[in-house]
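When we follow my numbering, the leftmost residue of the sequence shown carries the number 5, and every step to the right adds one.
C-beta: ideal position from N, C-alpha, C; glycine also.
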Amino acid sequence: MSERSSFPFALPPLLVERAVAAALDEDLGMAGDITTQSIIPANARGEAAIVARQAGVVAGTDLAEAAFRALDPEVRFVRTVADGGMVAAGEPIATVAGKTRALLSAERTALNFLGRLSGIATLTASYVNAVAGTGARIACTRKTTPGLRAFEKYAVRAGGGINHRFGLYDAVLVKDNHIAAAGGLANALARLRTRGGHLVKIEVEVDTIDQLAEALRFAIDAVLLDNMDIETLRQAVKMVAGRVMTEASGGATLETVPEIAATGVDVISVGALTHSPRNLDSSLEWKR
């Protein structure tokens, strides 16, 4: 068991509280946990451990803790593995102690958040390891679960990846439909420079060498090389010659990403990190 000491990121508490409140409301409804309320006395107290059923990278402990704390403000939540750390199958991620009703009623919400985010972090780490030594970085995309983007992008960071833009508001990416609707790349970029300001970084999507050559005529900061085969990626990187950042995008898998990285691209964006992860399986095991 180890921790990634280079993971200094934190989730905004208010964002965590809102997401957890919505998830608990979805699970408890108006009547609450009718099974637990019927079986467990209101004053009963207990302790349990969240145990990983498979190895992986942990992410989402803040959300898990918040789920329990929302139902018992005095709950004691102790992490055994911090976000960004590795856990082995059978090892505890955290222990939690407090009102038994709260522990049982928040169990699924806590495990759902923890499983989803740890699954993303684990998958991301697999991609990062697959390109180790090449200089390429692994980035996520906007293909996220509605309402959970901030958390899923956080999990990518926990797994050693980087974030592409968070939304449509924090970076410019000129895609093929923008170019078509604007009447050409020159028109699109001229409008951006006029309205966007000189501090706005601009990335342009291209899918052919000819489009790349056109894009490089303008003052841009990055090119997104969309769905190019390996040989075309090599040609593109050679043409760019370090003038702007290069990002490969489209269909990267764990099997293909090492070869993509070997072309010399700076970044490889992988939609699968957030749209197709497998949850990291864990359980709440009662101690007393």
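- Taking the Cα of Gly94 as reference, the smallest distance to any Cα among Ala59, Gly88 and Thr126 is reached at Ala59.
- For Ser287, the enclosing beta strand (DSSP E) stretches over residues Ser286 to Trp290.
- Runs of the alpha helix (DSSP H) lying entirely within the stretch 72-134 and spanning at least 4 residues, in chain order: 104-134.
- Checking the DSSP bridge columns, you'll see Arg141 partnered with Val271.
- In the structure shown, the three-state DSSP call for Asp174 is coil.
- Met232 is not bridged by DSSP to any residue.
- By the criterion of at least three beta-carbon pairs nearer than 8 Å, the stretch 18-33 is in contact with the stretch 144-163.
- For Thr65, DSSP records no beta bridge to any residue.
- Between the C-alpha atoms of Ile124 and Val274 there is a straight-line separation of about 12 Å.
- In the DSSP secondary-structure assignment, Gly164 is not bridged to any residue.
- C-alpha of Thr126 to C-alpha of His279: approximately 14 Å in a straight line.
- Judged by beta-carbon spacing, Ala186 lies beyond the 8 Å limit of Arg199, meaning their Cβ atoms are not closer than that value.
- With three or more CB-CB distances shorter than 8 Å, the stretch 102-113 counts as touching the stretch 74-85.
- Note that the C-beta distance between Leu258 and Ser122 is not below 8 Å.
- The bridge partners DSSP lists for Val210 are Leu229.
- Within its own chain, the residues whose Cβ lies closer than 8 Å to the Cβ of Ser287, once the five positions on either side in sequence are excluded, are Ile54, Val55, Arg57 and Leu115, listed in chain order.
- For Asp225, the closest alpha carbon among the candidates Met243, Ala240, Val244 and Val248 is that of Val248.
- In the DSSP assignment, Glu263 falls within the unbroken alpha helix (DSSP H) covering Val261 to Ala265.
- DSSP places Ile224 outside both helix and strand once states are collapsed to three, so it counts as coil.
- Between Val271 and Ala140, the gap from beta carbon to beta carbon is short of 8 Å.
- Separation of the CB atoms of Ala162 and Asp87 is rounded to 5 Å, and the pair is thereby assigned contact status at 8 Å.
- Comparing C-alpha distances from Leu28 to each of Gln215, Gln41, Ala68 and Ala48 shows the shortest one belongs to Ala68.
- Classified as exposed, Lys291 has fewer than 16 neighbouring CB atoms from the shown chains inside 10 Å of its CB.
- Pairwise C-beta distances place the stretch 230-240 out of contact with the stretch 98-109, as fewer than three of them are shorter than 8 Å.
- By the criterion of a C-beta distance shorter than 7 Å, Val91 is surrounded in its chain by Met5, Ala56, Ala59, Gly60, Val62, Val85 and Ile97, once the five residues flanking it on both sides are discounted.
- With 16 or more neighbouring CB atoms inside 10 Å of its own CB, Glu207 falls in the buried class.
- Cβ-Cβ separation between Gly36 and Thr104: approximately 14 Å, too far for a contact (criterion under 8 Å).
- DSSP places Arg49 in no alpha helix (DSSP H) but in the uninterrupted beta strand (DSSP E) bounded by Arg49 to Ala56.
- The three-state secondary structure of Ser280, taken from DSSP, is coil.
- One Cα belongs to Thr138, the other to Gly151, and the distance between them is close to 34 Å.
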